[in-house]
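Student: Residue numbers (UniProt numbering): 1 to 107.
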Amino acid sequence: MEESAFNALAEAELARIEAALESCGAELDIETMPGGVLEIEFENGSKMVINRHSAAREIWVAAKAGGFHFRPDAGRWVATRDGAELYALLSRLVSEQSGNPVVVVAS
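1) From the DSSP output, in three-state form, read off Glu-96 for me.
2) What residue ranges within the region 6-88 form continuous beta strand (DSSP E) runs of no fewer than 3 residues, ordered along the chain?
3) Rounding to the nearest angstrom, what Cα-Cα distance links Ser-23 and Trp-77 in this structure?
4) Any idea if Ala-63 is buried or exposed, counting beta-carbon neighbours within 10 angstroms, 16 or more meaning buried?
5) Roughly how many whole angstroms lie between the Cα atoms of His-53 and Tyr-87?
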């Protein structure tokens with residue numbers, strides 16, 4: 001995939017992630033940074049960073065639980081390590097960091 005096509009795909013997905021996080025019910029603040037970066041701060045002060053990595057053609061998630069890389073695959077974003085789906089993992093990570101069960105659903 002060409003870099004420009006990946007960047008467009010990743011930017012659209014980052015916008016969906018931001019909307020999903022805003023509506024998931026967790027107490028968090030989201031800041032959109034230049035270069036395709038979302039910085040999420042939770043009520044307890046912990047942070048999560050979600051960004052596109054153009055060279056690897058991946059979306060990366062850095063959370064308290066560790067780092068995760070996702071590649072586009074048949075209309076979904078799947079983890080390179082274990083094949084986990086992006087929004088399922090975000091639901092788990094946001095629940096852990098916020099201390100409350102939440103479901104993050106793509107909009």
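Each residue gets a CB set at the ideal place from its N, CA and C atoms; glycine is no exception.
Tutor: According to the structure shown:
1) helix
2) 28-33, 37-42, 47-53, 58-63, 66-73 and 76-79
3) 20 angstroms
4) buried
5) 18 angstroms
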